[in-house]
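Only one structure is covered here, and it is reproduced in the block below.
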Ligand code: COI
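Numbering (the numbering used here), first residue to last: 310 to 666.
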């Protein structure tokens, strides 16, 4: 791998931007994409030079191995613009690290962290006009790594493509969410790929989530695949609970994604003097809290979802309602703080925010 790759990015700009197609007051999540994307190909054991080029569809050979055997991983992070027009990205080096953790599990080559971060910053600065300034809105950045061998035998591909493309976004969930504790289906198993941000994990979650949606829930809370006794994560997010001064979340394991928003919130809670616990959480512990009214807040944490308050939890046919989400002291404070921090409006004592422009 070339060490100086960060300084070499080929850039071909669009002749005419399509930004007039974006209505900044009415942005739907993940439906409109910016003018440019980045492609970097891997072959003969090394990465080529990244290309930033006009956003366009991919043409694929029918035997492209990702389509058959699912060697595909991705990341999600966001860029923000404040009222002064300054542009920031949040903890991109953590996405680079996690991409490589996923890559190792899926038999894929790692991407040099500096190349990844530099590529994101360049792409964001080229398409910075697309970043909404409105609080709560941002530019979602989707890095994607997939197998490109044109071969139908089952083996790790020898060629890969890294792509990065971006979408201006508003909230992922429009309000508080209703979840159901899942005790039959599993998202991931011990020794499986649950900790990797692998496309197949999301595919496996769709059918159980669809059944739950038909029952009126927004998302599932996954439990461990062996006994369905311990809480794992929720849909597209990690899950967190507050009872009094205690904030607790399932300890990450090989079946739980190590969320960057989760990590940021736990560090913030610790700094603010809460007692933070990462541990195995029994479903029964949560049910007892719900029965006794001792659960003050439940929320999901993820890049797309940010902090998503959970208003009710379904368990074995019963719906437990949480108290009014508007009064939640921790998640409301953390949401406001993180939003300001990501927009460069708070002192960044954690060193999480990278200024791009
Ligand atoms: C994210 O939070 O960035 C995710 O990847 C979740 C989802 C949109 C699939």
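Glycine residues also receive a C-beta, built at the ideal position from the N, C-alpha and C atoms. Treat the numbers as computed from the prediction; the structure is a model and nothing was measured.
>> For the ligand COI, I want to know if residue 643 counts as a neighbour, meaning its beta carbon is within less than 7 angstroms of at least one of the ligand's heavy atoms.
In response: no
>> I'd like to know whether the C-beta atoms of residue 403 and residue 569 end up nearer to each other than 8 angstroms.
In response: Judged by beta-carbon spacing, residue 569 lies within the 8 angstroms limit of residue 403, meaning their Cβ atoms are closer than that value.
> How would you write the range of the alpha helix (DSSP H) that residue 434 sits in, first residue to last?
Replying inline: 422-435
> Just to check, is the beta-carbon of residue 511 closer than 7 angstroms to a non-hydrogen atom of the ligand COI?
Replying inline: yes
> Would you report the Cα separation of residue 467 and residue 628, rounded to the nearest angstrom?
Replying inline: 49 angstroms
> When the distance is taken between beta carbons, is residue 590 closer than 8 angstroms to residue 540?
Replying inline: Taking 8 angstroms as the Cβ cut-off, residue 540 and residue 590 qualify as a contacting pair.
>> If I follow the unbroken alpha helix (DSSP H) through residue 517, where does it start and stop?
In response: 508-523
> When you compare only the Cα positions, how much space is there between residue 510 and residue 581?
Replying inline: 34 angstroms
> What did DSSP end up calling residue 469 once you bin it into helix, strand or coil?
Replying inline: Here residue 469 sits in strand by DSSP.
> Is residue 614 near the ligand COI, in the sense that its beta carbon is under 7 angstroms from a heavy atom of that ligand?
Replying inline: yes
> In its own chain, which residues sit with a C-beta less than 6 angstroms from the C-beta of residue 362, not counting the 5 before and 5 after it?
Replying inline: 321
> Excluding five sequence neighbours on each side, which residues of the same chain lie with their C-beta closer than 6 angstroms to the C-beta of residue 483?
Replying inline: none
> For residue 488, which option in 566, 532, 476, 391 has the closest C-alpha, if you only look at C-alpha atoms?
Replying inline: 532
> Thinking just about the alpha-carbon of each residue, which of 368, 359, 387 is nearest to the one in residue 662?
Replying inline: 387
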